Amino acid sequence: MRSLKTVISAIAYIENHLNVNLDLDIVAKAVHYSKYHLHRMFSDAVGLTIHDYVQRRQITEAAKLLVFSEKSILDIALLAGYESQQAFTTIFKALYKQSPNQFRENEEFYPLQLEFIFNEKTDIRDKTDNHIGREILFSTEEDIPLWMDLVRLVIDGFPNLIEHEHIKILKQYISEKRALMMKENNLAIGIMLISYQTGSIDFLGVHPLYRKQGIAKLFLHKATTELLKNKEISITTFREGDKADTGYRKALKELGFAEAELLTEFGYPTQRMVLPKEDSHE
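Residues in the sequence shown are numbered from 204 upward in steps of one, following our numbering.
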């Protein structure tokens, strides 16, 4: 529990200093903790290094200013902790797949990374067999607040996700028994949207603090043996080499998904991944 409290303190410090250059040394000193231990604890809890979390949060806040303010791109770059507009533009384009000017002209903000909000009372156990007693159940509209809490933690894996649009789609999936959730202690620790017709998994998210407990495999097993049985199961994710990918592509390949065709979804370059049918009967 002490480690999670330290990570929460580090996140709070970062969020209050997004307009300056931050690194591991600065954050570790601010929370009075060894930088080596902080690096390990932060990466384990968040799934990102402090450097990557800071960069993604700064770029997200900059994107918000591009759409909702009249500040110049140079001023926004400086506010995001960059020393030049060119350096800012290079990173912004690598993560958002469009220049700051194009993003401003499109007038549609979506977050690359939201602030991580953890409950320090969360009881996290490191064993991989903690699925005993947990159930994957169809979601109801009463689950939407818990669902969205988890969406905000995994939004880095879903480019162009806009909350109000996701909630609208989610309600439709709920009404059609296509939205599933695993809960523990009034916390959504896993969520999945599926399509019975196409065999696609349209959304799969696991709480960062539970990602080492095999929850994604449990959802996949539910899909292959019950919900999408005898279907070619597919999912879309980042293309290889996308700097915005924080590890989602690798995780899917570890689950057995194989590369399929390249796609462009909502203007974003993605790739379809397919789970071979023979793997679904193991």
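Think of the CB as a built atom: it goes at the ideal place given N, C-alpha and C, for glycine as much as any other residue. Bear in mind that the values here come from a model prediction, so they are computed numbers and not experimental data.
DSSP beta-bridge partners of residue i
i           : result
residue 429 : None, per the DSSP bridge assignment.
residue 461 : 477
residue 472 : 467
residue 437 : 403 and 477
residue 351 : Residue 351 is not bridged to any residue.
residue 486 : With the chain covering only 204 through 485, there is no way to say anything about residue 486.
residue 270 : Beta-bridge pairing links residue 270 to no other residue.
residue 339 : 385
residue 391 : 386
residue 230 : None; residue 230 has no bridge partner.
residue 409 : 393
Cβ separation of residue i and residue j, assumed to be a contact under 8 angstroms, to the nearest whole Å
i           : j           : result
residue 290 : residue 350 : With 8 angstroms as the limit, residue 290 and residue 350 do not qualify as a contact, their Cβ atoms being about 37 angstroms apart.
residue 475 : residue 439 : 5 angstroms
residue 383 : residue 341 : 6 angstroms
residue 411 : residue 250 : 5 angstroms
residue 248 : residue 234 : Residue 248 to residue 234, Cβ: 13 angstroms. No contact.
residue 477 : residue 429 : Actually they do not touch by this definition, with Cβ atoms about 19 angstroms apart.
residue 209 : residue 241 : 7 angstroms
Cβ shell of residue i (< 7 angstroms), same chain only, five flanking positions each side left out
i           : result
residue 299 : 266, 306 and 315
residue 395 : 383, 404, 406, 407 and 422
Residues near residue i in its chain [Cβ-Cβ closer than 8 angstroms; skip 5 each side]
i           : result
residue 485 : Any reading at residue 485 needs caution, since the residue's pLDDT is 43, under 50, leaving its predicted position unreliable; the model's value is listed next. Correct list: empty, nothing qualifies.
residue 446 : 297 and 298
Residue-chain proximity (residue i, chain D), Cβ-Cβ < 8 angstroms
i           : result
residue 243 : Here there is only one protein chain, and chain D is not present.
Whole-angstrom distance between residue j and residue i, CA atom to CA atom
i           : j           : result
residue 426 : residue 432 : 7 angstroms
residue 227 : residue 245 : 10 angstroms
residue 421 : residue 345 : 23 angstroms
residue 293 : residue 343 : 42 angstroms
residue 284 : residue 272 : 17 angstroms
residue 378 : residue 255 : 38 angstroms
residue 459 : residue 287 : 43 angstroms
residue 295 : residue 303 : 7 angstroms
residue 236 : residue 216 : 13 angstroms
residue 457 : residue 437 : 14 angstroms
residue 225 : residue 366 : 29 angstroms
residue 387 : residue 370 : 22 angstroms
residue 413 : residue 441 : 22 angstroms
residue 443 : residue 338 : 33 angstroms
residue 309 : residue 467 : 17 angstroms
Cutoff 6 angstroms; reference residue i; Cβ partners in own chain excluding five residues on either side
i           : result
residue 363 : 313, 469 and 471
residue 359 : 316 and 449
residue 268 : 274 and 279
residue 282 : 222
residue 252 : 246
residue 261 : 221, 283 and 284
Next on the checklist: At 4 residues or longer, what runs of the alpha helix (DSSP H) sit wholly inside the region 356-380?
Outcome noted: 366-378
Item to check | Those runs of the beta strand (DSSP E) which lie wholly inside the region 247-322 and span at least 3 residues | outcome: none
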